[in-house]
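Remarks on the structure that follows.
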Ligand code: 44T
């Protein structure tokens, strides 16, 4: 029976609710109306606020208003972006995602903004989420493929495919657990494999930690799939943040870890182990009490490591870390003094930049020459906390390497042996058949020739989690020549040839007084770009041809237009000297090519301060008037305005587009940019390049397969891991060096696709190409590269010896067994700027058994 007292209350509440509903409905409909009006008047910020209010009040309308809401959000976000209001932008997305948590378009778009701001991990997470929400969403797919490498780095596949490594770790763990180590912590568990090994070996308690969110989530899935979700406790933490008893109840008797990079310490293993010894591990065995039980003492797998090194000459390393040319496409580069890459190492360095890059020495284009014997750089015992602590505080260690081969000292390379226990060792050396790369310490001093009998003084130290190796001096005939850090001015190291040494010293004396001796830091890909003379020379020829044509057309028109400058816009991303080359062509003209001095007005979109300083300096030293080269982005407010006209009634004579990324992929939004560029081009004007042709070939490459997914149907060490990590497989591999990739060529190179930047009607999105098999094998991948046609005569290949571009490859989902003479039909699709390729065998005239090895068929068959 209802309480009589409550009745009138209910009615009052009911009436109040009705009134509230009516008021709310009124507010909702007025907000929606206002939102639409604001949209109409392009006031996106206010429209967005109105939508937020309306849809928060009336969730039922979300589906109905979804499209307009998205439109408003994207417009407002673009505006906020161009105003630099980044925090506001992300706040808007947060609000939008609260309203539409499963809207893949919004999630993907948020990822794009994050990516542009440089938050790659977070961006990758958003693309992954968008793709999970709609697996066939092409935009998210393209974005995800571009960034998947940041979420799950490719080496995870290599490591899981490295059976030797897996097996040795398993043996060592089994032995330790069976020997009494009953509680185990896996630091940096990745997919969870080492923790699972410990559990399988019979450890009573197993814990694991992983700092990457994606890897942690992946490990959780893997543990569940292997029925170990309840028996292994995993935390999403950096080991340094773990505490007892919050994260694990007690100290453990065994830490297993493979948190080592190519330079051994780069993943922070020293700090992790010092912390583990102090806070997470049982004390080490006391050798005065040899009978202490392994379950009451602590130990680490790996037990220790030995680092080896060698000094090398290597052209490929050199051209990425040192300027090797003195002039480029007509520009004298000597004005800029020294150029160095961020990968520099000096013993007294204050910055904490990575002192090394990583390369697989065996895969370096042009190979390398060993200048010294292999030397031992360091021995470290991971079971000795005093030694670990002493490593960072101890004196810099000096080594003397005897030069056994005359050559150019380009780098020191190191690798290591990981002593898992007394019997099991893993080596990451260049001669080993493993997945490991070596750490490369480039030598950037300009004087670097060494002779047999010289000694190289190397300092070895450990600072900021890195093992640092630095060539500090060369000892020749009893004299020590110090190799100063490049940024500190002149060097005192002798050249192999004393005369040329003297000359350069004299030249230095003369020029040092006139020229500001400045050192500029460029990324290694930018240095390689400057060393790519073929590209710049071709550009110089193409640009100069255009200038001649334009000038003579203007002359023949006998109008005032001859007095107008020729406007050239370079919208290259990153560093580029092409605009300056164009400006200079306007100055150093000779009579016969009819180019009037000062004719070219060039605009560069180079943004970074030091890039602009460098270009200004180069302009001055090359006789280009300051006013002839301007920085375009300092004139315009937002990116879309890059393609604005040079002045209200003028159009561009030339627009330079930077079409290919160094990783080997087509730049995003290239075709949209080309369309805009065409609209802003004067009659007779030109886009550089005018056309790009994608070339490719059929190959069989196990290496590419091993880098792309966990291979085979066999479980990894008996565990079910592959299906989970293979979700992060991407079909396109980048940053390849095709000239050294281990693979069998199954066909000749063929043209796959053409992109016409001057004429869009010539473009298509799908193409079929038939390729004849020249060698029987398993077709696993189609590597591709580009012929960049600057104009009808000048072209450069991204697969040439001097290319600063790497190559890319599409790895097929399923290998295709092909025989010599057969034809493979490739279907190539370009969606936005990402390429996808599928391959099928052409139908034979008759049945499959007609295949004959030696009889090539024609393309009509
Ligand atoms: N790459 C090797 C480096 N972690 C391997 O998040 C060899 C590179 C490589 N988690 C080609 C071939 C190869 N606490 O998932 C990662 C990382 C995590 C931690 C918790 C910590 N203190 C750390 C430190 C790292 O550990 C996992 C493995 S790091 C291994 C690096 C195949 N290119």
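Residue numbers (the numbering used here): 485 to 1345. Ideal placement from N, C-alpha and C gives every residue a C-beta, glycine not left out.
Next item on the list: Could you tell me the boundaries of the beta strand (DSSP E) in which residue 738 lies?
Entry: 738-741
Next item on the list: Identify which residue in 1215, 1196, 1173 has its Cα closest to the Cα of residue 1271.
Entry: 1173
Note to self: Looking at the ligand FMN, does it come within less than 7 angstroms of residue 919, judged from the CB to the closest heavy atom?
What the structure shows: In the structure on display, the ligand FMN does not appear, and the ligands it does have are the ligand 44T.
Check: Buried or exposed: where does residue 745 fall if 16 or more other Cβ atoms within 10 Å of its Cβ makes it buried?
Finding: buried
Notebook entry, point to check: Tell me, which residues are paired with residue 960 by DSSP?
Noted result: 963
Checklist line | Test item: CB-CB of residue 1016 and residue 1288 under 8 angstroms | finding: yes
Check: Is the Cβ-Cβ distance between residue 1154 and residue 1141 less than 8 angstroms?
Finding: yes
Note to self: At the level of alpha carbons, what is the spacing between residue 654 and residue 794?
What the structure shows: 31 angstroms
Check: Going by the beta-carbon positions, is the gap between residue 1070 and residue 1112 smaller than 8 angstroms?
Finding: yes
Check: Applying the criterion that 16 or more other CB atoms from any shown protein chain within 10 Å of the CB defines a buried residue, is residue 1386 buried or exposed?
Finding: The structure shown does not extend to residue 1386, since the chain spans only 485 to 1345, so no value can be given for it.
Item checked: contact_flag[the stretch 1260-1269, the stretch 1170-1189] where n(CB pairs < 8 angstroms) is 3 or more -> yes
Notebook entry, point to check: Across which residues does DSSP place residue 1011 in a beta bridge pair?
Noted result: Paired residues: none, contrary to the question.
Notebook entry, point to check: If you draw a straight line from the C-alpha of residue 522 to the C-alpha of residue 623, how long is it?
Noted result: 29 angstroms
Margin query: For the ligand 44T, is there any heavy atom lying closer than 7 angstroms to the beta carbon of residue 752?
Written below: yes
Notebook entry, point to check: Could you give the distance in angstroms between the alpha-carbon of residue 785 and the alpha-carbon of residue 722?
Noted result: 18 angstroms
Note to self: For residue 952, count the other beta carbons within 10 Å of its own beta carbon; 16 or more makes it buried, fewer makes it exposed. Which is it?
What the structure shows: buried
Notebook entry, point to check: For residue 922 versus residue 1037, is the C-beta spacing smaller than 8 angstroms?
Noted result: no
Margin query: Please classify residue 905 as buried or exposed, where buried requires at least 16 other C-beta atoms within 10 Å of its C-beta.
Written below: buried
Check: Taking DSSP as the reference, what is the three-state secondary structure of residue 1051?
Finding: strand
Margin query: Give me the DSSP bridge partner(s) of residue 954.
Written below: 943
Notebook entry, point to check: Taking 7 angstroms as the cut-off, does the CB of residue 643 come closer than this to any heavy atom belonging to the ligand 44T?
Noted result: yes
Check: Is residue 927 closer than 8 angstroms to residue 894 when the C-beta atoms are compared?
Finding: yes
Check: When the Cβ atoms of the stretch 756-765 are set against those of the stretch 726-738, are three or more pairs found closer than 8 angstroms?
Finding: yes
Note to self: Taking the alpha carbon of residue 1277 as the reference point, which residue from 890, 1026, 1167, 677 has its own alpha carbon closest?
What the structure shows: 1026
Notebook entry, point to check: Sorry if obvious, but does the Cβ on residue 724 come closer than 7 angstroms to a heavy atom of the ligand 44T?
Noted result: yes
Note to self: Any heavy atom of the ligand 44T closer than 7 angstroms to the beta-carbon of residue 531?
What the structure shows: no
Note to self: Rounded to whole angstroms, what is the Cα-Cα separation between residue 696 and residue 720?
What the structure shows: 7 angstroms
Margin query: Less than 8 angstroms between the beta carbons of residue 1235 and residue 1177, yes or no?
Written below: yes
Check: Helix, strand or coil for residue 811 per DSSP?
Finding: strand
Next item on the list: Report yes if the C-beta of residue 693 is less than 7 angstroms from at least one heavy atom of the ligand 44T; otherwise report no.
Entry: yes
Notebook entry, point to check: Just curious, the alpha helix (DSSP H) that residue 572 is in, first and last residue?
Noted result: 570-583
Item checked: Inter-residue spacing [alpha-carbon to alpha-carbon] between residue 818 and residue 954 -> 26 angstroms
Check: By how many angstroms is the C-alpha of residue 1175 removed from the C-alpha of residue 1251?
Finding: 17 angstroms
Next item on the list: May I have the straight-line CA-CA distance separating residue 1225 from residue 1005, to the nearest angstrom?
Entry: 30 angstroms
Checklist line | Distance between residue 924 and residue 854 (C-alpha atoms, nearest Å) | finding: 13 angstroms
Item checked: Rounded separation between residue 632 and residue 528 - CA only -> 33 angstroms
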